[in-house]
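Engineer:
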Amino acid sequence: MADRHKILITDYVWPSTNPEREVLAELDAEVVESDSGDEDRLSELAADVTGILTCFARVTERVVRASPRLRVVGRYGVGTDNIDVDTCTSLDIPVTYVPDYGYEEVADHAMALLMAQARGISVLDRSVRTGEWTNQPARPMHRMRGRVLGILGYGRIGYALAQRAIPHGLKILVHDPYITADRVADIGAELVDKDRLVTESDFISVHAPLTPETHHTIGEPELRAMKPTAYIINTARGPLIDEYALARAIDKGWIAGAGIDVLEQEPPPPNHPLIGLDRAIVTPHAAFLSEESLLELERRAALSVVRVLQGRMPEYVWNREVLERVSLAEA
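Numbering-wise, the working numbering comes out as the position in the sequence shown, counting from 1, plus 639.
Shown next as structure tokens:
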């Protein structure tokens, strides 16, 4: 049928798309999975779709404009920096996303990276594996209680991390230009400017969205201003930190180390400077991962696409200005 819905799934990082297919069955939609994230291939497959679901693949202007029938682009995830939102908005195409999925897992991962660095877990493990039996590689090691955690970006994940840090006796500093001091008062945190957070924190955990303004928000000037005993954690987006400057900072002792779950290019190129540094822990964009969070993500991302194509309001819309021009009934 010419008017049958067709959904393109550009990419995914889980075993199958059965959970979202079960949700999309409500539309009796044809579901097509791309075999490549290449723009040419995605544009070809998108030629007659009504909806797109994407994880990490880039949904460019060309991909968006490939189908005159396209009515919704759904993101499996929190951010939309891989989607040409401006083009979608100009065409009155809602971009849906799932901003509150997996935030508990990401906060757990950030806290795990923080504690692993604070206790020298990685360097001690490597030392034992080479036949050493000494705690010297982890020194100097300092007590966590009484130290300062700076949280850069205070959304759901930043707040969840603060809740995990408080029982360990960490003092919390927060920098987020979009909130007021009363937002952090309930946990006894202090809202500060970025310079103070950078210079006073013993640990900095980055949780800002990726925008043109936040690109490389931590670069060489910030790294040089940090304490030489401080650590930085990034479970948000790779481009928030200038990772080549970060590698220099660790190598030259400007800071003590880093726990990184996201990189500017994933997977990283050969001989990436952070890989192999004793004081850098690098995990493969796994902070969001749990069996429960993946199932939640698949189903909720697909349901948002279904709702738009049924003329109903989805759970979350990134480019909410399109709602002034697209009539969607309350779900």
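All C-beta atoms, glycine included, are put in the ideal place defined by N, C-alpha and C.
The structure displayed is predicted, hence computed values, not measured ones.
1) Which residues in the same chain have their Cβ closer than 7 Å to the Cβ of VAL711, if we skip the five residues on either side of it in sequence?
2) Could you tell me the boundaries of the alpha helix (DSSP H) in which GLY797 lies?
3) Once the 5 residues before and after ARG939 are set aside, which same chain residues still bring their CB inside 7 Å of it?
4) Return the residue from the list VAL845, ALA755, MET783 and THR838 that minimises the CA-CA distance to ARG795.
5) Would you check if the distance between the CB atom of THR693 and the CB atom of ASP747 is smaller than 8 Å?
6) Which partner residues of LYS810 appear in the DSSP bridge assignment?
7) Looking at the unbroken beta strand (DSSP E) that takes in LYS833, where does it start and where does it end?
8) In whole angstroms, give me the CA-to-CA distance for SER766 and ARG680.
9) LEU913 and VAL921 - do their beta-carbons sit closer together than 8 Å?
10) If the criterion is Cβ atoms closer than 8 Å, does the pair ILE894 and ALA888 meet it?
11) If the criterion is Cβ atoms closer than 8 Å, does the pair VAL662 and LEU942 meet it?
12) Just confirm the distance between the C-beta atoms of ASP900 and THR874, as a whole number of angstroms; I'd bet it's less than 8 Å.
13) Within the continuous alpha helix (DSSP H) that includes TYR742, where are the two ends?
14) Can you name the residues that DSSP bridges to TYR870?
15) Quick check on ASP723: buried or exposed, where buried means 16 or more other Cβ atoms within 10 Å of its Cβ?
16) Give every residue of the same chain whose Cβ lies closer than 8 Å to the Cβ of VAL671, excluding the five residues on either side of it in the sequence, and list them in chain order.
17) Per DSSP, which one or two residues make a beta bridge with GLY690?
18) Could you check which residue in SER655, TYR742, PRO776 and PRO707 has the C-alpha nearest to that of TYR793?
19) For ILE872 versus LEU709, is the C-beta distance shorter than 8 Å?
20) Does the distance from the C-beta atom of GLN775 to that of TYR870 stay below 8 Å?
Structural biologist: With the given structure in hand:
1) Locating residue 711 in the sequence shown gives position 72, counting from the first residue. Counting only Cβ-Cβ distances below 7 Å, and skipping sequence neighbours, we find GLY690, ILE732, PRO733, THR735, VAL944, VAL947 and LEU948.
2) Within the sequence shown, numbered from 1, the residue matching residue 797 stands at position 158. Element bounds for GLY797: 795-804.
3) Counting from one through the sequence shown, the residue named residue 939 turns up at place 300. Closer than 7 Å at Cβ, skipping near neighbours: VAL737, TYR740 and GLU954.
4) As a working mapping, residue 795 is identified with position 156 in the sequence shown. Among VAL845, ALA755, MET783 and THR838, the Cα nearest to that of ARG795 is on VAL845.
5) Locating residue 693 in the sequence shown gives position 54, where the first residue counts as 1. Locating residue 747 in the sequence shown gives position 108, where the first residue counts as 1. Result no, Cβ atoms of THR693 and ASP747 do not sit closer than 8 Å.
6) On the sequence shown, position 171 is the one that residue 810 refers to. Paired residues: VAL787.
7) Numbered from its first residue, the sequence shown carries residue 833 at position 194. Segment 833-839 is the alpha helix (DSSP H) holding LYS833; no beta strand (DSSP E) there.
8) Here residue 766 corresponds to residue number 127 of the sequence shown, with the count starting at 1. Here residue 680 corresponds to residue number 41 of the sequence shown, with the count starting at 1. Rounded to the nearest angstrom, the two C-alpha atoms are 46 Å apart.
9) For the purposes of this step, residue 921 is identified with residue 282 of the sequence shown, where counting begins at 1. For the purposes of this step, residue 913 is identified with residue 274 of the sequence shown, where counting begins at 1. Yes; because the gap between Cβ atoms is below 8 Å, this pair is in contact.
10) Along the sequence shown, one-based indexing puts residue 894 at 255. Along the sequence shown, one-based indexing puts residue 888 at 249. Yes, the Cβ-Cβ distance between ILE894 and ALA888 is below 8 Å.
11) In the sequence shown, the residue the question calls residue 662 occupies position 23. In the sequence shown, the residue the question calls residue 942 occupies position 303. Cβ distance < 8 Å, so VAL662 and LEU942 count as in contact.
12) Locating residue 900 in the sequence shown gives position 261, counting from the first residue. Locating residue 874 in the sequence shown gives position 235, counting from the first residue. Correct: roughly 4 Å between the Cβ atoms.
13) Within the sequence shown, numbered from 1, the residue matching residue 742 stands at position 103. Element bounds for TYR742: 742-757.
14) Residue 870 sits at position 231 when you count from the first residue of the sequence shown. Partner(s): PHE842 and GLY896.
15) Counting from one through the sequence shown, the residue named residue 723 turns up at place 84. Counting Cβ neighbours within 10 Å, ASP723 comes out buried, since at least 16 surround it.
16) Position 32 of the sequence shown, counting from 1, holds the residue named residue 671. Once the five neighbours on either side are set aside, the close Cβ partners of VAL671 are LYS645, ILE646, LEU647, ILE648, LEU684 and VAL688.
17) Locating residue 690 in the sequence shown gives position 51, where the first residue counts as 1. In the DSSP output, where bridge partners are listed per residue, GLY690 has ILE646 and VAL711.
18) Within the sequence shown, numbered from 1, the residue matching residue 793 stands at position 154. Among SER655, TYR742, PRO776 and PRO707, the Cα nearest to that of TYR793 belongs to TYR742.
19) Translated into the one-based positions of the sequence shown, residue 872 becomes position 233. Translated into the one-based positions of the sequence shown, residue 709 becomes position 70. Against a cut-off of 8 Å, the Cβ pair of LEU709 and ILE872 comes out as no contact.
20) Numbered from 1 along the sequence shown, position 136 holds the residue referred to as residue 775. Numbered from 1 along the sequence shown, position 231 holds the residue referred to as residue 870. No, Cβ-Cβ distance for GLN775 and TYR870 is not below 8 Å.
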